[in-house]
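Positions 264 to 579 (our numbering) are the ones given, in order, by the sequence shown. Beta carbons are placed, not taken as given, at the ideal position from N, Cα and C, and that holds for glycine. Below: one structure, written as structure tokens.
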Amino acid sequence: MDADGARPAPRIGRNGMSLRKRLRELIARPGLLLIPGAYDAMSARIIEAEGFQAVACGGGVTVGSLLAQPDTGQCNMRDYADNYARVCAAVELPVLVDGDTGFGGPNNVRQMVRAFETAGVAGLFFSDQTFPNRCAYHPGKSVVPIEQMLAKIKAALDARRDPDLLIVARTDAASVEGVDAAIERCQLFLEAGADIAKPQTLDTPDEIRRAIREIPCPHIVTLSQMAGRKHLDFGDLQALGVAAATLPSVTMFAAAEAIRRTLRGIKRDNTLANIDRDLIPLADYYQLVGLKRQLERERAYDEEADALVKRRAARR
Numbered sequence: 264m265d266a267d268g269a270r271p272a273p274r275i276g277r278n279g280m281s282l283r284k285r286l287r288e289l290i291a292r293p294g295l296l297l298i299p300g301a302y303d304a305m306s307a308r309i310i311e312a313e314g315f316q317a318v319a320c321g322g323g324v325t326v327g328s329l330l331a332q333p334d335t336g337q338c339n340m341r342d343y344a345d346n347y348a349r350v351c352a353a354v355e356l357p358v359l360v361d362g363d364t365g366f367g368g369p370n371n372v373r374q375m376v377r378a379f380e381t382a383g384v385a386g387l388f389f390s391d392q393t394f395p396n397r398c399a400y401h402p403g404k405s406v407v408p409i410e411q412m413l414a415k416i417k418a419a420l421d422a423r424r425d426p427d428l429l430i431v432a433r434t435d436a437a438s439v440e441g442v443d444a445a446i447e448r449c450q451l452f453l454e455a456g457a458d459i460a461k462p463q464t465l466d467t468p469d470e471i472r473r474a475i476r477e478i479p480c481p482h483i484v485t486l487s488q489m490a491g492r493k494h495l496d497f498g499d500l501q502a503l504g505v506a507a508a509t510l511p512s513v514t515m516f517a518a519a520e521a522i523r524r525t526l527r528g529i530k531r532d533n534t535l536a537n538i539d540r541d542l543i544p545l546a547d548y549y550q551l552v553g554l555k556r557q558l559e560r561e562r563a564y565d566e567e568a569d570a571l572v573k574r575r576a577a578r579r
């Protein structure tokens with residue numbers, strides 16, 4: 264134990280590998296890794312049930328789901344850590360999460376890394392925006408001096424207890440100072456020791472090619488509904504050499520539309536008769552939340568307790 268608390272044990276996946284090592288392996292292997300975004304434990308469980316290999320959990324969906332507000336910095340670090348812990352506990356997949364600006368200076372970044380690591384995340388990223396953080400696709404952003412971001416990266420690396428925890432340093436400089444500045448910052452992030460440097464909002468084929476050519480690390484793109492509806496398709500991204508694509512808001516947007524459509528139908532038709540086709544079947548829901556497994560476990564505990572009492576009675 265040190266002054267910041269006991270070292271948390273790394274989470275292990277079904278194959279016996281640390282989930283943090285698994286995330287690194289998935290990003291490093293050939294092909295495009297798709298990482299859908301969860302906004303809560305249930306959406307993470309659905310991502311896992313549908314066969315995806317990793318989960319993302321972003322700041323925008325955390326703020327949206329917890330507060331029903333836009334991504335302009337309303338949640339604090341503990342709000343994020345609590346939500347990320349629930350997401351991580353719901354699945355046996357690596358979870359990559361958003362740390363906004365690090366929630367302050369280097370000491371705040373240190374606390375963030377420790378809290379997120381304890382929550383069970385496999386990787387985290389944070390950006391060089393000034394506080395309060397804004398969605399990368401919103402106007403009004405600014406970035407801190409490069410020296411401040413490099414100090415935060417050093418703090419994150421120093422705070423990391425598990426060397427397999429993936430630390431991604433992101434820059435929002437492209438939309439503020441231009442692509443050249445974003446690429447230069449990413450190069451410095453890697454020199455400072457970040458595992459991956461991510462230039463945000465470099466979304467055109469030419470920009471992606473340049474980033475891959477000039478930033479010597481796997482390239483991760485963000486396919487967010489916050490950016491509108493124009494995205495490169497997965498095949499195009501793979502052909503460009505992109506390592507991974509996060510879809511941070513897709514489940515929240517899908518859920519919000521499904522809820523809205525269902526409630527509008529109830530109000531319009533004044534009946535429940537027409538909504539069954541829009542609802543998950545009860546058996547599928549119980550399988551998703553693990554009702555059978557939970558009941559079997561409870562039954563086993565009861566049987567063990569009963570057997571213990573009977574053995575005690577037999578010794579008298």
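Straight-line Cα distance separating residue j from residue i
i: residue 367; j: residue 433; result: 15 Å
i: residue 386; j: residue 353; result: 16 Å
i: residue 361; j: residue 556; result: 32 Å
i: residue 449; j: residue 277; result: 34 Å
i: residue 607; j: residue 298; result: Only positions 264 to 579 of the chain appear in this structure, which leaves residue 607 out of reach.
i: residue 304; j: residue 579; result: 48 Å
i: residue 513; j: residue 400; result: 15 Å
i: residue 405; j: residue 393; result: 6 Å
i: residue 439; j: residue 395; result: 16 Å
i: residue 266; j: residue 419; result: Unreliable positioning characterises residue 266 in this predicted model, as indicated by a pLDDT of 44, which lies under 50. The coordinate reading is nonetheless provided below. Going from the Cα of residue 266 to the Cα of residue 419 covers about 16 Å.
i: residue 527; j: residue 416; result: 47 Å
i: residue 563; j: residue 429; result: 38 Å
i: residue 355; j: residue 282; result: 8 Å
i: residue 391; j: residue 435; result: 7 Å
i: residue 500; j: residue 466; result: 10 Å
i: residue 359; j: residue 307; result: 12 Å
i: residue 524; j: residue 311; result: 25 Å
i: residue 333; j: residue 570; result: 55 Å
i: residue 264; j: residue 381; result: Caution applies to residue 264, whose pLDDT of 36 falls short of 50 and renders its modelled position unreliable; the model cannot decide the point.
i: residue 493; j: residue 533; result: 37 Å
i: residue 471; j: residue 331; result: 33 Å
i: residue 530; j: residue 517; result: 20 Å
i: residue 568; j: residue 370; result: 48 Å
i: residue 473; j: residue 540; result: 47 Å
i: residue 543; j: residue 549; result: 10 Å
i: residue 475; j: residue 329; result: 35 Å
i: residue 459; j: residue 279; result: 25 Å
i: residue 496; j: residue 313; result: 20 Å
i: residue 364; j: residue 431; result: 12 Å
i: residue 275; j: residue 537; result: 43 Å
i: residue 422; j: residue 455; result: 14 Å
i: residue 565; j: residue 573; result: 12 Å
i: residue 552; j: residue 502; result: 37 Å
i: residue 444; j: residue 437; result: 7 Å
i: residue 374; j: residue 403; result: 27 Å
Bridge partners - residue i, DSSP secondary structure assignment
i: residue 509; result: 298 and 485
i: residue 461; result: 433
i: residue 358; result: 318
i: residue 306; result: Residue 306 is not bridged to any residue.
i: residue 275; result: 281
Check whether residue i and residue j have beta carbons under 9 Å apart
i: residue 407; j: residue 389; result: no
i: residue 270; j: residue 425; result: yes
i: residue 301; j: residue 319; result: yes
i: residue 295; j: residue 317; result: no
i: residue 322; j: residue 351; result: no
i: residue 442; j: residue 462; result: yes
i: residue 464; j: residue 397; result: no
i: residue 379; j: residue 347; result: yes
What runs of the beta strand (DSSP E), each 3 residues or longer, lie entirely inside the region 503-550?
-> Here the runs fully enclosed are 507-510.
Just checking, does the region 324-342 make contact with the region 288-297 on the three C-beta pairs under 8 Å criterion?
-> Output reads no: the region 288-297 does not touch the region 324-342.
With contact counted as at least three CB pairs below 8 Å, one residue from each stretch, are the region 442-457 and the region 410-420 in contact?
-> These segments touch.
Please determine if the region 470-490 and the region 510-528 are in contact, where contact requires at least 3 C-beta pairs separated by less than 8 Å.
-> At 8 Å Cβ cutoff, the stretches touch.
Touching or not, the region 464-480 and the region 501-509, by the rule of three or more beta carbon pairs under 8 Å?
-> Taking a cut-off of 8 Å on C-beta distances, the region 464-480 touches the region 501-509, as three or more cross pairs fall below it.
Enumerate, from N- to C-terminal direction, the unbroken beta strand (DSSP E) stretches of 3 or more residues contained entirely within the region 324-406.
-> The region 324-406 contains these whole beta strand (DSSP E) runs: 358-361 and 386-390.
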